[in-house]
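Residues 30 to 173 (our numbering) are what the sequence shown spells out, left to right.
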Amino acid sequence: MAHEDAGHYATKHPGGKIDKAIAAAIAGKEKEGRITCVAAHAIAKKQACSPTVVGMNIDLLEKRIRRCQLGLFGYDLKKKKAVKPAAMVTKTLEAAIRKAMNDNRITCRAAWDLAKKLGLTRLEVSSACEAMKVKISKCQLGAF
Numbered sequence: 030m031a032h033e034d035a036g037h038y039a040t041k042h043p044g045g046k047i048d049k050a051i052a053a054a055i056a057g058k059e060k061e062g063r064i065t066c067v068a069a070h071a072i073a074k075k076q077a078c079s080p081t082v083v084g085m086n087i088d089l090l091e092k093r094i095r096r097c098q099l100g101l102f103g104y105d106l107k108k109k110k111a112v113k114p115a116a117m118v119t120k121t122l123e124a125a126i127r128k129a130m131n132d133n134r135i136t137c138r139a140a141w142d143l144a145k146k147l148g149l150t151r152l153e154v155s156s157a158c159e160a161m162k163v164k165i166s167k168c169q170l171g172a173f
């Protein structure tokens, strides 16, 4: 959901129920109503659940996710993205991104997997996507 939807994130999950253990973990990591992408993924790992479940709880608690690990959102009030288009994209990376694409997009999970497989940072992969004008979709936490 967009910035203007703040305070209404729970509407994405009609009938959704807050998991008390996950909510407590979120409360321990959030600051000023915001939790980092890194912290949310750490909670998912510790709670042995998917990032989607943690993301749903973040929404139900009306918290905001910040500092996307792909650099796509949450970096300050003036600039929404930390990622910039790469000056150059190697043929190997371009081919890998194109192979992982579906409907002219690549998922967040696929971008993470490519980074790991190719020994790159997640930001390097998203930067290549920016340069190629490839949209990243399906945030693992459900933010987009």
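The beta carbon of each residue, even a glycine, is placed where N, CA and C say it ideally should be.
As the structure is a prediction and not an experimental result, all values here were calculated from the model.
On the CB-based measure, 16 or more other CB atoms within 10 Å of its CB, does residue i come out buried or exposed?
i: R21; result: Look at the range of the chain in this structure, 30 to 173, and you will see that residue 21 is not part of it.
i: K60; result: exposed
i: G100; result: buried
i: D88; result: buried
i: K92; result: buried
i: A144; result: buried
i: P80; result: buried
Since residue i and residue j should fall inside the 8 Å C-beta cutoff, what is the C-beta to C-beta distance between them, to a whole number of angstroms?
i: K75; j: A54; result: 7 Å
i: V163; j: N133; result: 7 Å
i: K120; j: E159; result: The pair is not a contact, with the Cβ atoms about 17 Å apart (cut-off 8 Å).
i: K58; j: A50; result: Incorrect: roughly 13 Å between the Cβ atoms, too far for contact.
Go to residue i, then tell me how far its beta strand (DSSP E) extends in each direction, as first and last residue.
i: S166; result: K164 to S166
i: T119; result: Neither: T119 is in no beta strand (DSSP E) and is coded neither H nor E.
i: T65; result: R63 to T65
i: R95; result: R93 to R95
i: T136; result: R134 to T136
Going by C-alpha distance, which of the options is nearest residue i?
i: S156; options: K167, A140 and K146; result: A140
i: A22; options: K109, A68, I94 and L147; result: The question about residue 22 has no answer here: the residues shown for the chain are numbered 30 through 173.
i: V82; options: K46, T119 and R138; result: K46
i: P43; options: N86, S166 and K58; result: N86
i: K110; options: R95, G62, I51 and K120; result: R95
i: G62; options: A77, I165, Y38 and Q98; result: Y38
Mind checking which residues open and close the alpha helix (DSSP H) that includes residue i?
i: I51; result: K49 to K58
i: T81; result: P80 to L89
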